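Worksheet: one structure, shown below.
Protein chains: 2
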Amino acid sequence: MGIDTALSEISSLLGNRLSRAKVDLAHHGQSEAWFPPSPPDAVAYPESTEEVSQLVRICHAHGVPVIGWGAGTSLEGHALAVRGGVVVDFSHMNNIVAINDADLDAVVQPGITREELNHELRTTGLFFPIDPGANASLGGMTSTRASGTTAVRYGTMRDNVLGLEVVLADGRVIHTGTRARKSSAGYDLTGLFVGAEGTLGLITQITLRLVAQPETILSGICRFSKFNDAVDAVIATIQMGIPMARIEFVDATMAKAFNDYAGASFPEDPHLMVEFHGSDAGVKDDSARFAEIIADFNGDGFEVAQKPEDRTALWAMRHNGYYAALALRPGAKALTTDVCVPISRLAEAVEETRAEIDESFLEGPILGHVGDGNFHACLLFEPDRPEEMAEVKRLSRNMAQRALRLGGTITGEHGIGMGKTDLMEAEHGAAWDVMGDLKRALDPDGIMNPGKLVRGN
Amino acid sequence: MGIDTALSEISSLLGNRLSRAKVDLAHHGQSEAWFPPSPPDAVAYPESTEEVSQLVRICHAHGVPVIGWGAGTSLEGHALAVRGGVVVDFSHMNNIVAINDADLDAVVQPGITREELNHELRTTGLFFPIDPGANASLGGMTSTRASGTTAVRYGTMRDNVLGLEVVLADGRVIHTGTRARKSSAGYDLTGLFVGAEGTLGLITQITLRLVAQPETILSGICRFSKFNDAVDAVIATIQMGIPMARIEFVDATMAKAFNDYAGASFPEDPHLMVEFHGSDAGVKDDSARFAEIIADFNGDGFEVAQKPEDRTALWAMRHNGYYAALALRPGAKALTTDVCVPISRLAEAVEETRAEIDESFLEGPILGHVGDGNFHACLLFEPDRPEEMAEVKRLSRNMAQRALRLGGTITGEHGIGMGKTDLMEAEHGAAWDVMGDLKRALDPDGIMNPGKLVRGN
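Listed below in structure tokens is the structure:
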């Protein structure tokens, strides 16, 4: 068998850093989400690009699937070995290769997490701003084009990766991009691999943009009776050019979840949570203008958390939204939807979704990155109850189709993985065929993360 | 001959909007730059995506080259028909399809210029911020991944195109991206076509991000004795997170050129020209902090042009830099170099370049987008003097190789076209082969803008 020969050769390469231990296969065969377990044939722990390249050459020669693994926080089953093969766990490749203060960039290996990176940056006056909530690996964040609460100000991984080192499906190592801030030198290969979910190659090094830690950070929260008013306030804020670093929406159900889980005492109404980054004068001016806007739109109780500990508490609560939602129904799993629409259609998209979930027999709080038009419903269900599984799939599919009808996308930040391939044609039409053409050009044997993103992959 | 049959079929499709008039062929056979004329076999003026699709289908069937043409402002000969074929002039496809105020986006046809777009936007409170100086078409700007003076604040075309309609090499029409602000739904095809210089398809529609017109704009200029000090002041400004909308460097030779051409009276020293966008309070605070920084770095005479007319005069002068440079040597052409390096290496890159030009028998003022590490030397020469042609090519090649040695790129914003393909391998190594793989996947017969960007194309 190809797989046995391949594993024997990889074993010679990596020694006991190729694991076939049951516990290891089981750990790498599950995900944060509801997908059934799918253990690989083996788990590899390479320590260098050269080892990754040799491993991929072996897999290429024997037609064995290769699946990258970062921190295992994907919500779409990206790292599941649905056709067996070798999971490449990057936890041993978690170094910072360089921090270039003057250039505001850092070169890192894919296994480092964003919290580890920011910890190392804490004395430099710089930070890496992308914050998906989970303490994901930078390799995983790059491969899923992650974003999160700060994208409204700092963009997504697409905007913050300057260059990559990639091991291609045949084991060749290429370098994309440079440390220059911009380039017009040919096709944007960096952008092609960001968000490719490991289907075109394995990322072994990442050059990231950093930004200056703001002089002043100011966070706050305010309440609205009607969701529409909250969204209209956000649109007005964006149109006035007031720079927000975060602007998050939680619905009434989510406010209740926070009260139950985090001991908060919010009115069970829609809320906006907001943050401004800038100079002292700039932030004061921004927040004062924002306060005027929310008053115009019937928002009230704008409370400012200027002390770092209050701010940390506010965002920790927001980041634990997934767990707070799960706690609404002990023992349940969540299918976390992830659509993104033009902001002018956001109120409509959320209202229709809320109404549909209210009519359903399942519960699902809604929260989102409202400045981007991106929102999630955490649909709570028990996967071994077929009628519940069918219902969350129905609700999720309806949300995606609604997003497309409103000019949006089936995923704002979580990616396709194995959860959304059946929606790709609806979003992209003939452009999905083009993705298939690119896949076949770079991975003709289909060994890189099969079963994900591309048709027939 | 394939070309004759193809032109006959296209003529049936477009009638007198397929031109073989000598004056038309000659106009579309030249460029802003120094390249020898290269007229196409015909010039087509389609009026719809459907016409472009049919035209490309005909060219595909007969193996005839297809070259897109926007406003003809490329400095790297992008639109020259070096292997003959049909130039597709998009001047009849210059409509605004939609302006979506609430979503801060606009959908446009490729032939509209950025000044035309901003004129139409003037009453909306929004604008399209990318400013390469020339009044380029949006299609051309997209295809070259253009940027310019405001990229330090607003990014490049890469960051400001949300989606595209593209006619592929076989005539299929695809749509990439959505009007949502972000997406993780598969490969970033939008990013692949932005900067592809028409070698993968023809762009027939573009969805652009817009931004709010700032409440306050403040511009200024200051003088430095030493270039190093100017660059160090910029690095300090970026590291403190002071948001600049523009920060431009001109060297002493360029200051002299402005004095001669625009009747200015600058000391013949290096200068920084800067602009801040924001709220009234924010801009005042930003410029005050910037003034402190430049004082720390021995800058002097920070003069603020707060009145719109003074500001317009300042940037009009900067935008006419190319013509001011040309006027230093009447009758000469300019080879405008375009490298971009990490900002920590910028002082070194400019100083070495300045010294090398000073040692040469040719003149070449330097100016650049210093916040991005991007700068240009306008090398003045007469193309019919072989020793001058050889010398500008030597200087230009040395600049590119210097940029690569310092971790940068051979082109920050002008693109590859026919001027820089021989430097692509030096910048990209094996990644250039991958670009070739992608090109062959999407255009196996090589009809889209042959002779540009890709090896053997």
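Protein chains in written order, with our numbering: chain A, 20 to 476; chain B, 20 to 476. Yeah, the Cβ is synthetic: ideal placement off N, Cα and C, and Gly gets one too. All of these numbers come straight from a predicted model, not from anything done at the bench.
Can you tell me whether residue 29 (chain B) is helix, strand or coil according to DSSP?
helix
Quick check on the DSSP output: what are the complete alpha helix (DSSP H) runs of length 4 or more inside the segment 270-351 of chain B, in order along the chain?
271-281, 299-315, 327-338, 340-346
Apply the 10 Å Cβ neighbour rule to residue 201 (chain B) and answer buried if 16 or more other Cβ atoms are within range, or exposed otherwise.
buried
Is the beta carbon of residue 218 (chain B) closer than 8 Å to that of residue 299 (chain B)?
no
Taking C-alpha atoms, which residue in A:230, A:283, A:249 lies nearest to residue 489 (chain B)?
Coverage of chain B is limited to positions 20 through 476, which leaves residue 489 (chain B) absent and any answer about it impossible.
Under 8 Å by Cβ, that's how I've got residue 43 (chain A) and residue 103 (chain A) pegged, so tell me the actual separation to the nearest angstrom.
Wrong, their Cβ atoms sit about 15 Å apart, outside the cutoff.
Just verifying my parser: in three-state terms, what is the DSSP assignment at residue 97 (chain B)?
coil
Under the rule that 16 or more other beta-carbon atoms within 10 Å means buried, what is residue 284 (chain B), buried or exposed?
exposed
Following the continuous beta strand (DSSP E) through residue 52 (chain B), name the residue where it begins and the one where it ends.
Where residue 52 (chain B) is concerned, there is no enclosing beta strand (DSSP E), given that its DSSP letter is neither H nor E.
What does DSSP give as the partner residues of residue 124 (chain B) in its beta bridges?
B:119, B:228
What in chain B is Cβ-close to residue 447 (chain A), meaning under 9 Å?
193, 194, 195, 204, 205, 208
Out of A:474, A:390, A:223, which has the shortest C-alpha to C-alpha gap to residue 168 (chain A)?
A:390
Cutting at 6 Å between CB atoms, please list the residues of its own chain near residue 431 (chain B), excluding the five before and the five after it.
357, 359, 393
Runs of alpha helix (DSSP H) wholly within the segment 154-218 of chain B (minimum 4 residues, chain order)
157-163, 170-173, 176-179, 208-212
Identify the contact partners of residue 391 (chain B) in chain A, using a Cβ-Cβ distance below 9 Å as the criterion.
199, 200, 201
Quick one: list the residues of chain B neighbouring residue 122 (chain A), beta-carbon separation under 7 Å, in chain order.
361, 362, 363
Could you tell me which whole alpha helix (DSSP H) segments of length 4 or greater appear in the segment 421-475 of chain A?
443-447, 449-461
Nearest residue (CA-CA) to residue 181 (chain B), options B:203, B:142, B:377, B:270
B:203
Does any CB atom of chain B fall closer than 8 Å to the CB of residue 258 (chain A)?
yes
What does residue 58 (chain B) reach in chain A if we use C-beta pairs closer than 8 Å?
Near residue 58 (chain B) there are no residues of chain A at all, since even the closest Cβ is about 26 Å away, more than 8 Å.
If contact is defined by three or more beta carbon pairs under 8 Å, each pair taking one atom from either stretch, is the segment 141-156 of chain A in contact with the segment 136-149 of chain B?
no
Which one or two residues does DSSP pair with residue 256 (chain A) in a beta bridge?
Partner(s): none; residue 256 (chain A) has no beta bridge.
Going by beta-carbon coordinates alone, are residue 210 (chain A) and residue 211 (chain B) separated by less than 8 Å?
yes
Where does residue 150 (chain B) fall in DSSP's three states?
coil
Which two residues bound the contiguous alpha helix (DSSP H) that contains residue 373 (chain B)?
365-378
Is residue 447 (chain A) buried or exposed, if buried means 16 or more other CB atoms sit within 10 Å of its CB?
buried
Cross-chain neighbours of residue 426 (chain B) in chain A, by beta carbon under 8 Å
197, 198, 199
Just checking: is the beta-carbon of residue 76 (chain A) within a distance shorter than 8 Å of some beta-carbon in chain B?
no
Is there at least one Cβ from chain A nearer than 8 Å to residue 42 (chain B)'s Cβ?
no
Thinking C-alpha only, which one of B:55, B:134, B:224 is nearest residue 69 (chain B)?
B:224
Quick check: what's the CA-CA separation for residue 19 (chain A) versus residue 51 (chain B)?
Chain A is shown from 20 up to 476; residue 19 (chain A) falls before or after that span and cannot be answered.
In or out: residue 95 (chain A) buried (at least 16 other Cβ within 10 Å) or exposed?
buried
How should residue 64 (chain B) be labelled, buried or exposed, when 16 other C-beta atoms within 10 angstroms of its C-beta is the threshold for buried?
buried
Starting from the beta carbon of residue 323 (chain B), find every residue of chain A whose beta carbon is closer than 8 Å, and list them in chain order.
Near residue 323 (chain B) there are no residues of chain A at all, since even the closest Cβ is about 17 Å away, more than 8 Å.
Out of A:342, A:438, A:139, state which residue places its alpha-carbon closest to the alpha-carbon of residue 397 (chain A).
A:342
Span separating the alpha-carbon of residue 144 (chain A) from that of residue 176 (chain A)
21 Å
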